[in-house]
Amino acid sequence: MGALNADTASQMARIALGHVAREYPHKLDHVLLRDEDARTPGDLHPVFFGSFDWHSCVHGWWSLLTLSRLFPNIAEAAEIERLADATFTAEKLAAERAYLDRPLSTGFERPYGWAWLLMLHLEAERHGDKGWGSGMEPLARAFADRFRAYLPILTYPIRAGTHFNTAFALFLALQWGERFDTALAGLIRERASAWFCGDRDAQAWEPSGDDFLSPTLTEALLMSSVLPPGEFASWFAEFLPRLDQKEPATLFAPATVSDRSDGKIAHLDGLNISRAWCWRELGHPQFAENHLEAALPHLSGDYMGEHWLQSFALLALLSGT
8 MGALNADTAS
18 QMARIALGHV
28 AREYPHKLDH
38 VLLRDEDART
48 PGDLHPVFFG
58 SFDWHSCVHG
68 WWSLLTLSRL
78 FPNIAEAAEI
88 ERLADATFTA
98 EKLAAERAYL
108 DRPLSTGFER
118 PYGWAWLLML
128 HLEAERHGDK
138 GWGSGMEPLA
148 RAFADRFRAY
158 LPILTYPIRA
168 GTHFNTAFAL
178 FLALQWGERF
188 DTALAGLIRE
198 RASAWFCGDR
208 DAQAWEPSGD
218 DFLSPTLTEA
228 LLMSSVLPPG
238 EFASWFAEFL
248 PRLDQKEPAT
258 LFAPATVSDR
268 SDGKIAHLDG
278 LNISRAWCWR
288 ELGHPQFAEN
298 HLEAALPHLS
308 GDYMGEHWLQ
318 SFALLALLSG
328 T
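Shown next as structure tokens:
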């Protein structure tokens, strides 16, 4: 599965179809205020109830819509369309939107799920004849509003290699903002510049034990979208000044995954894939291949990785096309 072609797309689609409508096991991001709040994932989230957790279901759907658009003749495309039509209904999407108005929901899926929902909406809009994008727009706008409220009060960026990473969320959200909300795109650029423009000589103290993102490379990826090309080249040369010596060495060595049945340790397969994605996007594909070779064979086989890794593999393979 080293190249994005029809066979690879079909394999990926089968993986995602196997989990976006699989309700259990499930890990909720849900605050209970009373007994009646104890409800099933499908009752709380009639659209994004699968894939072990809400955000993985969102980017599982992003994968499916992306694959069906790029490869409309694969056997799975018709099943994807049927399932999307049954899932992205006005009533179900309205229930997802209404969930955001619950008390203590401000931090729901912040910021990772927010950003992936915007990416899903961006992809859904590319299927203009289906109406999925227009139906999803109120939900996307609600998350954009949350970004607008959140970014000005976030004094410090979050540099963890997990769902809370600021740079990753802003990189995805910026793509949506450039098409649908130029004010949000401007805010993202302003905050990213304030937080990251002064960074020099990154030490890359990674990976941590449950990283699936490289804080170092994800920051660089965001700045490649925020700065003009010439300014980015100068910034990047100072951010990783010993790139030609392959230092810091940790950025070039795939992480070891000791137990793929452990959901947190399995994150490290995602780290390898997301590093490959970043290296390719940053124009250094020669540093990506060993990371891909280490992780791509493990997209399925254990549900702790199977419910989400494929989306990151798709990001990485798309960056090579």
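Residues in the sequence shown are numbered from 8 upward in steps of one, following our numbering.
For glycine and all other residues, C-beta sits at the position ideal for the given N, C-alpha and C.
{"Check": "Specify the secondary structure class of Glu43 as computed by DSSP and reduced to three states.", "Outcome": "helix"}
{"Check": "Hey, is the stretch 163-175 in contact with the stretch 209-219, meaning 3+ C-beta pairs nearer than 8 Å?", "Outcome": "yes"}
{"Check": "Compute the beta-carbon to beta-carbon distance between Leu191 and Ala151, rounded to the nearest angstrom, for a pair I have assumed lies under 8 Å.", "Outcome": "5 Å"}
{"Check": "Quick one: Cα of Phe115 to Cα of Thr263, how far?", "Outcome": "31 Å"}
{"Check": "Could you give the first and the last residue of the continuous alpha helix (DSSP H) run that contains Val65?", "Outcome": "61-77"}
{"Check": "How many angstroms separate the CA atom of Leu11 from the CA atom of Ser63?", "Outcome": "21 Å"}
{"Check": "Alpha carbons only, please: which of Leu250, His26, Met143 is nearest the one belonging to Lys99?", "Outcome": "Met143"}
{"Check": "Just curious, the alpha helix (DSSP H) that Asn279 is in, first and last residue?", "Outcome": "274-288"}
{"Check": "Go to Thr94, then tell me how far its alpha helix (DSSP H) extends in each direction, as first and last residue.", "Outcome": "84-94"}
{"Check": "Would you tell me roughly how many angstroms separate the C-alpha atoms of Glu43 and Leu51, rounded to the nearest one?", "Outcome": "12 Å"}
{"Check": "Looking at C-beta atoms only, is the number of pairs between the stretch 22-30 and the stretch 65-80 that lie closer than 8 Å three or more?", "Outcome": "yes"}
{"Check": "On the DSSP letters alone, give me the boundaries of the alpha helix (DSSP H) that Ile22 sits inside.", "Outcome": "13-24"}
{"Check": "Count the other C-beta atoms from every protein chain shown that fall within 10 angstroms of the C-beta of Gly38, then say buried if there are 16 or more, exposed otherwise.", "Outcome": "The sequence shown places Val at residue 38, rather than the Gly named in the question. Under this definition Val38 is an exposed residue."}
{"Check": "Our contact map puts Arg153 next to Trp121 with C-beta atoms below 8 Å; I'd like the distance itself, whole angstroms only.", "Outcome": "6 Å"}
{"Check": "Which of the three DSSP states is assigned to Glu30 in this structure?", "Outcome": "coil"}
{"Check": "Below 8 Å CB to CB, which residues in the same chain sit around Thr331 once its five sequence neighbours on both sides are set aside?", "Outcome": "Here the chain comprises residues numbered 8 to 328, so residue 331 is not present and cannot be evaluated."}
{"Check": "Could you tell me the distance, in whole angstroms, from the CA atom of Leu299 to the CA atom of Pro110?", "Outcome": "42 Å"}
{"Check": "Following the continuous alpha helix (DSSP H) through His298, name the residue where it begins and the one where it ends.", "Outcome": "296-302"}
{"Check": "Are there 16 or more other CB atoms within 10 angstroms of the CB of Trp123, so buried, or fewer, so exposed?", "Outcome": "buried"}
{"Check": "Any heavy atom of the ligand ZN closer than 8 Å to the Cβ of Glu83?", "Outcome": "The ligand ZN is absent from the structure shown, which contains no ligands of any kind."}
{"Check": "In terms of residues, what are the limits of the alpha helix (DSSP H) holding Tyr106?", "Outcome": "97-106"}
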